[in-house]
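Following: one structure in structure tokens, then a few remarks.
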Amino acid sequence: MIEMHGIHKSYQTGDQSLHVLKGVDMQVREGELVSIMGSSGSGKSTLLNILGILDSYDSGSYLLAGQQVGKLGETEAARLRNKLLGFVFQSFNLLPFKNATENVALPLYYQGVGRKERNYRAEQYLDLVGLADRKSFMPNQLSGGQKQRVAIARALVHKPKVILADEPTGALDSVTTHEIMALIKDIHRRGNTIIVVTHEQDVANMTQRQILLKDGQVTSGAVSAPGAIEAVG
Amino acid sequence: MLDGLQEILFTLRQNKLRTLLTAFGVFWGIFMLVLLLGAGRGMQNGVYEDFGSDVLDFIIVWTGTTTTAYHGMPPGRAIRLTLDDIEAVRQQVSGIRLLSAERFVPDGGTMSYHGKNSNAQVLGVPDDYFKVKEDVPFNFGRKPNPLDQDEIRKVVVIGTTVAERLFAKDEDPVGKYIRVKDVEMKVVGIFYDKGGRGRNSERVLMPLTTMQKMYGDSTFTDNIWVRPAKGVDGFELEKKVLALLKRRHDVAPEDIRGIASFNMAEPMQRVTGLFIGIDVFIWFVGLGTLTAGIVGISNIMIITVKERTREIGIRKALGATPFNIVSTLLLESTLVTAFAGYVGLVVGVALLELVAFGLRSAGAKLPYFVNPSVDFKLALTALLLLVGVGVLAGLMPALRAAKITPTEAMKAG
């Protein structure tokens with residue numbers, strides 16, 4: 437599903453150049469639940485941005501769902517994001533003036549799906565994440581765990597190829613963390629490909645494979661071991 | 576598209592204060608501009624009111640006694656114009672649209688109707704006279720026509736003041752016979768001439784031919800009215816006509832008493848200059864107000880975009896293209912400015928109409944302020960301009976917003 441080879445990325449700050457990714461190689465197969473681990477400064481946020489087509493890379497190659505993701509225009513990048521990817525963020529990133537259903541329906545709005553149809557589909561996914569009774573709640577009426585459930589529903593509603601979760605439990609207490617991770621595993625069992633970026637070991641332990649990033653390079657877990665997918669449940 | 580509009584209306588409702596502030600800035604700009612334009616128009620109308628009912632390009636020539644000796648003749652000669660002079664002018668001067676004699680009965684006239692008497696100026700005029708005075712309204716009856724002249728009919732048209740004096744309020748003068756210099760004459764029309772602050776309505780007009788029959792078959796005329804043809808310079812024409820008449824009557828070219836003239840184009844020129852000045856002033860102030868409105872819109876657009884950077888980031892991560900973002904923001908600002916501007920336009924025009932109505936119904940006569948109104952097309956242009964600039968003002972921050980990467984944007988706020 438994802439194949440990265442020799443990805444380099446550096447940032448220009450003033451006259452200094454910061455080399456963040458120094459030749460990242462990694463693979464994720466369809467239906468995998470993978471975590472990307474690394475301490476802060478290891479480059480995992482940058483890697484996630486490149487994976488999510490939110491940022492460009494300097495050199496290397498990136499194949500996502502059979503499509504070459506190279507230098508893309510903003511519009512093309514937006515289309516690919518909308519078609520292939522679902523995002524879950526640490527800070528939820530729900531629009532505060534829209535209720536749960538409308539938040540979930542947003543990716544469908546940008547696909548041009550009609551209001552009735554997209555609200556109907558959004559409600560289905562709210563049912564799936566266990567928020568059937570909170571459909572018309574505003575974000576500020578929801579707890580942290582509930583907000584993240586809404587965000588997960590939003591990441592699923594347009595049936596993306598890959599779901600990217602950036603520290604999905606970073607703002608949650610440990611009980612809620614386990615609930616959310618259970619939900620993520622449940623969604624994975626339904627056949628979704630999920631990549632979780634985290635710096636918490638016990639969150640990473642709940643995934644099938646851990647890709648360890650250190651100083652801009654993958655040090656272990658770049659490729660899934662044969663038979664690994666079935667191993668974790 | 577409809578869906579997008581709903582999305583925008585929803586956002587606007589969510590940000591009532593911001594929307595209201597933007598809307599008010601635009602509303603106020605247009606409102607003030609409309610009021611200013613209306614006040615300017617009111618002043619213009621007021622000044623034109625003072626010009627009476629005459630067309631604004633006439634030249635009138637009259638005579639007096641000479642003040643300079645000329646061709647061996649002493650000063651103090653009384654000059655009188657004749658119908659032959661008019662024929663001569665018609666044949667020898669080019670660029671004339673209309674020529675008309677105007678003859679007064681020397682001591683005015685007394686007229687009566689069923690025992691009521693009134694004094695009024697009595698004038699004998701040819702049919703062309705009513706083409707020179709084409710702006711004088713005949714509210715009842717008809718204007719005299721060429722047949723009245725040719726058949727030397729005993730008909731008159733009377734001014735409203737004369738009609739009020741001779742006839743009872745509920746009596747229709749048209750078709751009645753009044754007695755002028757012991758001759759029964761039929762009233763065929765009533766006119767109202769604002770000239771001389773209404774005193775021109777104390778007149779009785781009859782065909783020149785009829786007058787010649789009643790008061791002696793004289794070919795004299797007291798005044799000659801001239802209107803230049805389209806595109807002809809009135810001042811040049813006036814000079815040519817005067818030169819010809821002075822030659823015919825042996826009046827010195829520099830003698831301004833023997834044969835005198837008045838050209839309406841002259842005060843018109845002064846007034847036009849004044850109005851250009853007023854217009855420039857109004858537009859200066861009006862555009863200043865508009866500019867303030869535009870600056871307000873741009874400010875609020877910049878704040879709007881800043882405030883919504885995070886939202887824009889989220890939307891972009893979820894698949895909004897830069898075009899989605901820019902068009903949504905622009906449509907939002909267009910909608911607000913267009914709506915608020917339109918309301919300002921309507922309220923401004925309504926207020927002007929109200930003032931005009933109040934002035935009319937109270938019968939109040941403000942000096943130099945009559946019937947304030949606004950050129951709707953002009954105001955609409957100003958509105959479109961404002962909306963256009965409002966959109967442009969929104970474009971800069973919107974484009975910048977569309978450029979921020981989603982990750983950057985989501986970090987903000």
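From first to last, the protein sequence lines stand for chains P and S. So for the first sequence, my numbering puts the first residue at 437; every next one is plus one. So for the second sequence, my numbering puts the first residue at 576; every next one is plus one. Ideal Cβ placement from N, Cα and C applies to all residues, glycine included. Since the model is a prediction, treat every value here as computed from it, not as a measurement.
1. Just list the residues that DSSP pairs GLN504 (chain P) with in beta bridges.
2. When you compare the CB of LEU490 (chain P) with every CB in chain S, is at least one pair closer than 8 Å?
3. Measure the C-alpha to C-alpha separation of ASN775 (chain S) and ASP768 (chain S) and round it to an integer number of angstroms.
4. My parser needs the alpha helix (DSSP H) runs of 4 or more residues fully inside the region 800-848 of chain S; what are they?
5. Just checking: is the beta-carbon of THR511 (chain P) within a distance shorter than 8 Å of some beta-carbon in chain S?
6. So the alpha helix (DSSP H) ALA587 (chain P) belongs to, where does it begin and stop?
7. Determine, for PRO543 (chain P), whether the minimum Cβ-Cβ distance to residues of chain S falls below 8 Å.
8. By alpha-carbon positions, which one of P:LYS597, P:HIS614, P:SER610 ends up nearest to ARG626 (chain P)?
9. In its own chain, which residues sit with a C-beta less than 6 Å from the C-beta of GLY871 (chain S), not counting the 5 before and 5 after it?
10. What number of angstroms, rounded off, separates the C-alpha of LEU698 (chain S) from the C-alpha of VAL826 (chain S)?
11. On a CA-only basis, which of S:TYR623, S:ALA614, S:VAL664 is nearest VAL636 (chain S)? Give me that one, please.
12. How would you list, in chain order, the residues of chain S whose beta-carbon sits under 7 Å from the beta-carbon of ASN529 (chain P)?
13. The beta strand (DSSP E) with ILE438 (chain P) in it runs from where to where?
14. What residues are listed by DSSP as bridge partners for LEU698 (chain S)?
15. Just the Cα atoms here: how many angstroms apart are GLY479 (chain P) and SER610 (chain P)?
16. Shortest alpha-carbon distance to TYR623 (chain S) belongs to which of S:LEU955, S:THR785, S:PHE944?
17. Would LEU648 (chain P) and MET473 (chain P) qualify as a contact pair, given that the criterion is a beta-carbon distance under 8 Å?
18. By DSSP's criteria, SER687 (chain S) is part of a beta bridge. Which residues make up the other side?
19. Comparing C-alpha positions only, which one of P:LYS519, P:ARG645, P:GLY652 sits nearest to GLN463 (chain P)?
20. Kindly list the residues whose CB is nearer than 7 Å to the CB of THR586 (chain S), restricted to its own chain and excluding five residues on each side of it in sequence; keep chain order.
21. For ASN518 (chain P), does the count of other Cβ atoms within 10 angstroms reach 16, so buried, or fall short, so exposed?
22. Under 8 Å, do LEU619 (chain P) and VAL565 (chain P) count as touching if we go by C-beta distance?
23. Between the region 656-672 of chain S and the region 683-699 of chain S, do at least 3 Cβ pairs fall closer than 8 Å?
24. Taking ALA601 (chain P) as part of the alpha helix (DSSP H), name the residues at either end of that continuous run.
25. Quick one: residues in its chain with C-beta nearer than 6 Å to the C-beta of TYR546 (chain P), no 5 flanking neighbours on either side, listed in chain order?
26. For ASN798 (chain S), list the residues DSSP reports as bridge partners.
27. Among the residues of its own chain, which have a CB less than 6 Å from the CB of PHE523 (chain P), if the five just before and after it don't count?
28. In the DSSP assignment, what are the bridge partners of ILE671 (chain S)?
29. What residues from the region 895-912 of chain S come within 8 Å of chain P, judged by C-beta to C-beta, listed N to C?
So, from the data block:
1. Beta-bridge pairing links GLN504 (chain P) to P:LEU499.
2. It does: the Cβ of LEU490 (chain P) has a partner Cβ on chain S nearer than 8 Å.
3. Near 6 Å, if we compare the C-alpha coordinates of ASP768 (chain S) and ASN775 (chain S).
4. Runs of the alpha helix (DSSP H) inside the region 800-848 of chain S: 809-823.
5. Yes, THR511 (chain P) counts as interfacial toward chain S.
6. Where ALA587 (chain P) is concerned, the enclosing alpha helix (DSSP H) stretches over 580-592.
7. Contact with chain S is found for PRO543 (chain P), since one of that chain's Cβ atoms lies less than 8 Å from the residue's Cβ.
8. Of the candidates P:LYS597, P:HIS614, P:SER610, the residue whose Cα lies closest to the Cα of ARG626 (chain P) is P:LYS597.
9. If we look at GLY871 (chain S) and ignore the five residues flanking it on each side, its Cβ neighbours are GLY600.
10. About 27 Å.
11. Comparing Cα-Cα distances from VAL636 (chain S) to each of S:TYR623, S:ALA614, S:VAL664, the minimum goes to S:VAL664.
12. Going along chain S in sequence order, the residues near ASN529 (chain P) (Cβ under 7 Å) are ILE889, MET985.
13. Where ILE438 (chain P) is concerned, the enclosing beta strand (DSSP E) stretches over 438-449.
14. When DSSP reads this structure, LEU698 (chain S) sits in a beta bridge with S:PHE679, S:LEU780.
15. One C-alpha to the other measures close to 25 Å.
16. Checked all of S:LEU955, S:THR785, S:PHE944; the closest Cα to TYR623 (chain S) is S:PHE944.
17. Contact flag set, yes.
18. As DSSP reads the structure, SER687 (chain S) sits in a beta bridge with S:ASN692, S:ARG754.
19. Minimum Cα distance to GLN463 (chain P) is reached at P:ARG645.
20. Taking C-beta separations shorter than 7 Å and ignoring five residues to either side along the sequence, the partners of THR586 (chain S) in its chain run GLU907, following chain order.
21. By the neighbour-count definition (other C-beta atoms within 10 Å, threshold 16), ASN518 (chain P) is a buried residue.
22. Yes, Cβ-Cβ distance for LEU619 (chain P) and VAL565 (chain P) is below 8 Å.
23. Taking a cut-off of 8 Å for Cβ pairs, the region 656-672 of chain S and the region 683-699 of chain S do not touch, as fewer than three such pairs fall below it.
24. Careful: ALA601 (chain P) lies outside any alpha helix (DSSP H), inside the beta strand (DSSP E) at 598-602.
25. Result list for TYR546 (chain P): ASN518, in chain order.
26. In the DSSP output, where bridge partners are listed per residue, ASN798 (chain S) has S:TRP637, S:GLU677.
27. Setting aside the 5 residues that flank it on each side, PHE523 (chain P) is surrounded in the same chain by ALA591, LEU600, each with a C-beta closer than 6 Å to its C-beta; the list follows chain order.
28. DSSP lists S:PRO803 as partners of ILE671 (chain S).
29. Under the 8 Å Cβ criterion, the region 895-912 of chain S contributes ALA895, THR896, PRO897, PHE898, ASN899.
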